[in-house]
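This report concerns only the one structure given below.
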Amino acid sequence: MAETQDFQALDAVTLPVRLGDNPAMRAALGSDASGWLVREVGDGNLNLVFIVEGGKGTVIVKQALPYVRLVGDSWPLPLKRSFFEYHALKRQAERDPGMVPEILHFDEAQALIVMEFLSPHIILRQALINGQQLPRIGRDLGLFLARTLFRGSDLSMPTKARKTDLALFADNAELCDITENLVFSDPYFDARMNRHTSPQLDGIVAELRADRDMKVVAQKMKHLFAANAETLLHGDLHTGSVMVTMDETRVIDPEFAFYGPMAFDVGMLLANFWMNFLAQAGHEQGGSRDSMRAYLLGVIEQIWSGFTDEFTQLWRTERKGILYETRLFEERGDALGADQALDMVLHDIFVDALGFAGVEMHRRILGLAHNADFETIADPDLRARCETKALKLGRHIAVNRHAIHSIAEVNKLAVRLEKEFVR
Ligand code: SR1
Ligand code: MG
């Protein structure tokens, strides 16, 4: 694992000097490092990200810092997250080929990954804020969820291999700790780094912090997150972790990867689409976003149906692990039993995903790490109205998750909330 004492953060000047002899860099960029053009473009919460352009091509160099970039060196964070990101990218590339950037080089001691430069891709969150309708994302993301979650679990993997991998990723504890605190607990009390649109949201924030049912659900979801090591998760699958063009979808940044419940990745992703839907009213200066709203609801449906269709297909063709063994069902002439088990597994994922989605919607409005969907709404009154709808939707789907039967039901509620408040 990376030792902090050997580590040196790169900058635009030192990068060509330090990586100029690296064979992977030279192969991708050309061998004249003095001509490389380097730009630091990291705008995430944790890391340095450089675009390096040479005579022959362009690459991304991503380097972890020994602290949380968003907060500074008062919040140390281990460099080894880069090791987990590297291993997660490798596994995701095997499980859903073509959906993650290609890795060209990994340096564990320097906590850096050299990877394919995705161009002309942009971050999905920004595209949705701009009002761009990408035709592929629903299907691609549904497939990605099903393939990575199914193929990383005991439904598919040899259990010894899965347990060995589980032990490897168990050491990503500090990143899990971030999620355990920032997502599941901080929004529900006056944690030090919390912030919200104030005074507009003060009332609803006080209500949520006094909401016993919501607090119990949030802790129930935290319990599942911490204790249900079901599959290798991306661990931070929001719309800022997806890059898109009209023809391609790529998933990036799996540094929070660990073995957890399948529903976590599903719920986090859906929550970010519902938030974007409810933020659209804040981005209507250039014209009505009605068609964008309809598009987003369609994408949410596609993600879920793409996920369940592909999961069903994998269940029928790749169920080779220790769970729901075919020797108990299909090989005994009981295909119906296998289908019954599948329905139960998908139902549980659905219910849990709503719980995770609810808390994700809360933490992005009340916690430390907000999202641009709301943050870029300049008028605080308008922003607060959008955020209020999301807080309400989050609360409803988390607390009532067992009584909700379809994504369409949640979408309908989102539409109702959207219309309920005057813009
Ligand atoms: C201190 S890190 C805050 C957030 O950024 C990452 O993208 C994760 O979502 C994390 O919760
Ligand atoms: Mg990230």
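Sequence positions in the sequence shown follow this note's numbering and run 641 to 1063. Every residue gets a Cβ at the ideal spot worked out from N, C-alpha and C, and that includes glycine. Keep in mind the model is a prediction, meaning the values are calculated, not measured.
With 16 other Cβ atoms within 10 Å as the buried cut-off, status of residue i
i       : result
Ser928  : exposed
Thr654  : exposed
Thr837  : buried
Trp676  : buried
Ala1048 : exposed
Gln703  : buried
Ala728  : buried
Leu976  : exposed
Leu659  : buried
His878  : buried
Asp713  : exposed
Gly938  : exposed
His1045 : exposed
Arg1063 : Only weak support exists for where Arg1063 lies, its pLDDT of 49 falling under 50; the value from the coordinates is given anyway. With fewer than 16 Cβ atoms within 10 Å of its Cβ, Arg1063 is classed as exposed.
Arg832  : exposed
Leu688  : buried
Trp914  : buried
Lys800  : exposed
Thr804  : exposed
Per-residue DSSP class, three states only, for residue i
i       : result
Ile1044 : coil
Gln732  : helix
His874  : coil
Met1018 : First, the amino acid is wrong: residue 1018 is Ala here, not Met. If DSSP states are grouped into helix, strand and coil, Ala1018 belongs with coil.
Thr957  : helix
Gly926  : coil
Leu752  : strand
Tyr899  : strand
Val653  : coil
Thr837  : coil
Val882  : strand
Ile763  : strand
Phe757  : coil
Arg802  : helix
Ile743  : strand
Thr966  : coil
Pro663  : helix
Asn916  : helix
Pro827  : helix
Phe647  : coil
Ala810  : coil
Arg658  : helix
Asp905  : helix
Arg1065 : The chain is shown only over 641 to 1063; residue 1065 falls outside these bounds and no answer can be derived.
Ser722  : helix
His1010 : coil
Asn685  : coil
Met797  : coil
Gly792  : coil
Arg832  : coil
Gly946  : helix
Ser671  : coil
Gly738  : coil
Arg1063 : With a pLDDT of only 49 at Arg1063, under the threshold of 50, the placement of this residue in the model should not be trusted, and no figure is reported.
Residue i - containing alpha helix (DSSP H), residue span
i      : result
Val711 : Looking at the DSSP string, Val711 is not in any alpha helix (DSSP H), and its letter there is neither H nor E.
Ala975 : 975 to 1006
Leu822 : 813 to 822
Val856 : 852 to 867
Per DSSP, the bridge partner or partners of residue i
i      : result
Asp780 : Its beta-bridge partners do not exist; DSSP assigns none.
Ile700 : Ile691, Met755
Val891 : Val882
Val678 : Val692
Pro716 : Tyr707
Unbroken beta strand (DSSP E) run spanning residue i, endpoints
i      : result
Leu848 : Premise fails: Leu848 lies in the alpha helix (DSSP H), 842 to 849, not in any beta strand (DSSP E).
Leu774 : It is not in any beta strand (DSSP E) - Leu774 carries neither H nor E in the DSSP assignment.
| Inter-stretch contact (C-beta, 8 Å, three-pair minimum) for the segment 843 to 860 and the segment 748 to 764 | No, because fewer than three Cβ pairs between the segment 843 to 860 and the segment 748 to 764 fall closer than 8 Å, the two stretches do not touch.
| Are three or more beta carbon pairs between the segment 762 to 779 and the segment 1009 to 1025 nearer than 8 Å? | By the C-beta criterion, the segment 762 to 779 is judged to be in contact with the segment 1009 to 1025, since at least 3 inter-stretch pairs fall below 8 Å.
| said: If contact is defined by three or more beta carbon pairs under 8 Å, each pair taking one atom from either stretch, is the segment 864 to 875 in contact with the segment 954 to 969? | reply: Result no; under three Cβ-Cβ pairs closer than 8 Å.
| query | Are three or more beta carbon pairs between the segment 687 to 704 and the segment 661 to 669 nearer than 8 Å? | reply | Counting Cβ pairs under 8 Å, three or more are found: they touch.
| Touch check for the segment 917 to 933 and the segment 896 to 907: three-plus C-beta pairs under 8 Å? | Two segments are said to touch when three or more pairs of C-beta atoms, one from each, lie closer than 8 Å; by this definition the segment 917 to 933 does not touch the segment 896 to 907.
| query | Do the segment 935 to 953 and the segment 1021 to 1033 meet, that is, are 3 or more Cβ pairs less than 8 Å apart? | reply | These segments do not touch.
| message | Quick check: the segment 854 to 864 against the segment 733 to 747, are at least 3 beta-carbon pairs closer than 8 Å? | response | Counting Cβ pairs under 8 Å, fewer than three are found: no touch.
| Any 3 or more C-beta pairs closer than 8 Å across the segment 887 to 896 and the segment 738 to 748 | Under the Cβ criterion (8 Å, minimum of three pairs), the segment 887 to 896 counts as touching the segment 738 to 748.
| task | Please determine if the segment 1001 to 1008 and the segment 814 to 826 are in contact, where contact requires at least 3 C-beta pairs separated by less than 8 Å. | result | Yes, since at least three Cβ pairs between the segment 1001 to 1008 and the segment 814 to 826 fall closer than 8 Å, the two stretches touch.
| Is it true that the segment 1016 to 1026 meets the segment 907 to 921, where meeting means three or more beta-carbon pairs spaced less than 8 Å apart? | In short, these stretches touch, since the Cβ pair count reaches three.
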